[in-house]
Amino acid sequence: MQRITEELIRKRSEHNDREIGSLEEISLHQEDIGKLEHLQHWCKDLKILLLHNNLISKIENVGKLKKLEYINFSLNNITKIENLEGCESLEKLDFTLNFIGDLLSVEKLKSNIHLHTLYLNGNPCTDYEGYRDYVIATLPNLKYLDGQEILRSERIQALQRLGEITPEIIRQQNQYLVAWYKTRTDEDFRSDYEDENEDEDDEDGNKKRNEEDNEKFWSQIHGNCPEVRIELAKERRRNEKSKQEKKPPKKKPRRLFNDNGEPLNVNQPKIQFTLDDDYWKSLYTLDVAVYKHLDIALINADVNPFYVRVVIKGKVLQLRLDEEVCPDKSIAKRSQTTGHLVITMPKVKEVIRPYKTIAQLRKENVVKSKKKEKINREFLEVQGEFDLKKALTISNEEKTTFID
Numbered sequence: 406m407q408r409i410t411e412e413l414i415r416k417r418s419e420h421n422d423r424e425i426g427s428l429e430e431i432s433l434h435q436e437d438i439g440k441l442e443h444l445q446h447w448c449k450d451l452k453i454l455l456l457h458n459n460l461i462s463k464i465e466n467v468g469k470l471k472k473l474e475y476i477n478f479s480l481n482n483i484t485k486i487e488n489l490e491g492c493e494s495l496e497k498l499d500f501t502l503n504f505i506g507d508l509l510s511v512e513k514l515k516s517n518i519h520l521h522t523l524y525l526n527g528n529p530c531t532d533y534e535g536y537r538d539y540v541i542a543t544l545p546n547l548k549y550l551d552g553q554e555i556l557r558s559e560r561i562q563a564l565q566r567l568g569e570i571t572p573e574i575i576r577q578q579n580q581y582l583v584a585w586y587k588t589r590t591d592e593d594f595r596s597d598y599e600d601e602n603e604d605e606d607d608e609d610g611n612k613k614r615n616e617e618d619n620e621k622f623w624s625q626i627h628g629n630c631p632e633v634r635i636e637l638a639k640e641r642r643r644n645e646k647s648k649q650e651k652k653p654p655k656k657k658p659r660r661l662f663n664d665n666g667e668p669l670n671v672n673q674p675k676i677q678f679t680l681d682d683d684y685w686k687s688l689y690t691l692d693v694a695v696y697k698h699l700d701i702a703l704i705n706a707d708v709n710p711f712y713v714r715v716v717i718k719g720k721v722l723q724l725r726l727d728e729e730v731c732p733d734k735s736i737a738k739r740s741q742t743t744g745h746l747v748i749t750m751p752k753v754k755e756v757i758r759p760y761k762t763i764a765q766l767r768k769e770n771v772v773k774s775k776k777k778e779k780i781n782r783e784f785l786e787v788q789g790e791f792d793l794k795k796a797l798t799i800s801n802e803e804k805t806t807f808i809d
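Below, the structure is given as structure tokens:
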């Protein structure tokens, strides 16, 4: 069974920044706690204490919680109401589905003058004839019992019948307790829950079971008693432990940085990519061959000064860069035809280069020479002097003709 430890309380006090000294409310349900301890010393300001669905068999070590207003003990193994006299501010108590057969122990709640709500549903004492009248008459400040309001007329009748029903309550209680102890001393009962399995115990002190015993245990019919609840809790822990052992070992997370904090090259999605270093434009261009119909919501790109990371469906593609880039000037685009993701990352230090390269100058000279040749060919070629007057003079000389 689980014990109340400081680690457990801090784990359950996240709403109070894991501070247990000033804790006012805590829930310790479903922890298989078998004994109440340490709470009255570590959490003195507690007002609400939730302990339902545990294995607590006795109420103890809560008398110093003077500010406590509400305790939930439902689904435990409590057989008697006791040790609550010191809880001066107690207003509400819940004992639903316990094993309280000692109804006379309700008288110990008389000192809790602020108690106005009490739940005893599902306990053996609720089957006693005159149970409700006895509780109402015993606790005069009670306003609600088992979720039902106590009327004034009902209280008057209960007080009138108290002397009559008390002997009957004592008789029924003694009858129940005799049957209770007789059942616990029965050899068949003890053999079922104490000596049935003689296997070795595991690290937690729980008996080991194979699959056949486990199936047999859950198929048989059990009674309603504290021993059954304890055995069920042990069996549940065995099953949880066996399931954890059967789980395949988790893969180690892939390292994205070395011991010195330098980024590593990682390609978990095993996707094709191209990283170009444009010397003249001073930028890196990453082309990732992302699937064409992949939703953009499944892609996350992150550019850092010395590495670029692309997460595709939870898998990381990380590339280390030789030179520092400007993340704020980087641009990510996706092609509408191929679906590729193109990330352009300008470098911080640009390359110092001439305004025009030799190749560019040569190319420009060739273009200029070709244009010059073309212009020269368009001029009319004329040799010698040209006399305009002579060209305009009309000659009267007879022209010889050739007649066939």
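Numbering (this note's numbering), first residue to last: 406 to 809.
For glycine and all other residues, C-beta sits at the position ideal for the given N, C-alpha and C.
- If only complete runs of 4 or more residues are kept, the region 485–553 shows the alpha helix (DSSP H) at 536–543, in order along the chain.
- Put simply, of V693, H698, V721, P710 the residue whose alpha carbon is nearest the alpha carbon of N672 is V721.
- Taking a C-beta distance under 7 Å as the contact criterion, S687 and V756 qualify as a contact pair.
- Contact annotation: E496 and N466 have beta-carbon atoms that are not nearer than 7 Å.
- A distance of 7 Å or more separates the beta carbons of L454 and I425.
- The three-state secondary structure of I574, taken from DSSP, is helix.
- Residue ranges of uninterrupted beta strand (DSSP E) with 3 or more members, entirely inside the region 421–490 and ordered along the chain, are 430–432, 453–455, 475–477.
- In the same chain as S432, and ignoring 5 residues on each side of it, the C-beta atoms closer than 7 Å to its own belong to R417, L455, in chain order.
- As computed with DSSP, P668 is found in a beta bridge with F662.
- A check of alpha carbon separations from F478 across I505, N663, T743, K469 identifies I505 as the nearest.
- In the three-state scheme derived from DSSP, where H, G and I count as helix and E and B as strand, P732 is classed as helix.
- Following the DSSP letters along the chain, one finds L722 in no alpha helix (DSSP H) but inside the beta strand (DSSP E) bounded by residues 720–725.
- Per the coordinates, the alpha-carbon of L509 lies some 30 Å from the alpha-carbon of E430.
- Scanning E554, I409, T410, G439 for the CA closest to the CA of I635 turns up G439.
- Taking the CA atoms as reference points, C630 sits about 18 Å from Y533.
- With respect to E493, K463 sits apart: the two C-beta atoms are not nearer than 7 Å.
- A direct Cα-to-Cα measurement between V771 and Y684 gives close to 26 Å.
- Contact annotation: the region 653–673 does not touch the region 728–742, with fewer than three C-beta pairs closer than 8 Å.
- Taking every protein chain shown into account, the CB of Q723 has 16 or more other CB atoms within 10 angstroms, so this residue is buried.
- Less than 7 Å divides the Cβ of G468 from the Cβ of G491.
- Apart from sequence neighbours up to five positions away, the residues of its chain that approach L564 with a beta-carbon distance below 6 Å are A542, ordered along the chain.
- In the DSSP assignment, the residues bridged to K752 are V730.
- Measuring C-alpha to C-alpha distances from H434 to each of N458, E412, Q445 identifies N458 as the nearest.
- The beta carbon of Y536 is closer than 7 Å to those of L508, C530 in its chain, skipping five residues each way along the sequence.
- When the beta-carbon positions are compared, K548 and H521 come within less than 7 Å of each other.
- Only residues of its own chain outside the window of five on either side were considered, and among them P668, L669 have a CB closer than 8 Å to the CB of F662, listed in chain order.
- In this model, N481 and I717 are separated by some 50 Å (Cα to Cα).
- For I717, the beta-bridge partners assigned by DSSP are I704, K720.
- In the DSSP assignment, V633 falls within the alpha helix (DSSP H) that extends over 631–651.
- Linking D727 to K754 through their CA atoms gives a straight-line distance of about 12 Å.
- Just so you know, the alpha carbons of D499 and N546 end up roughly 16 Å apart.
- When only Cα atoms are considered, N705 and K648 end up about 35 Å apart.
- Taking Y712 as reference, the option from V695, E412, Y689 with the minimal CA-CA separation is Y689.
- Taking C-beta atoms as the reference points, A702 and L460 fail to come closer than 7 Å.
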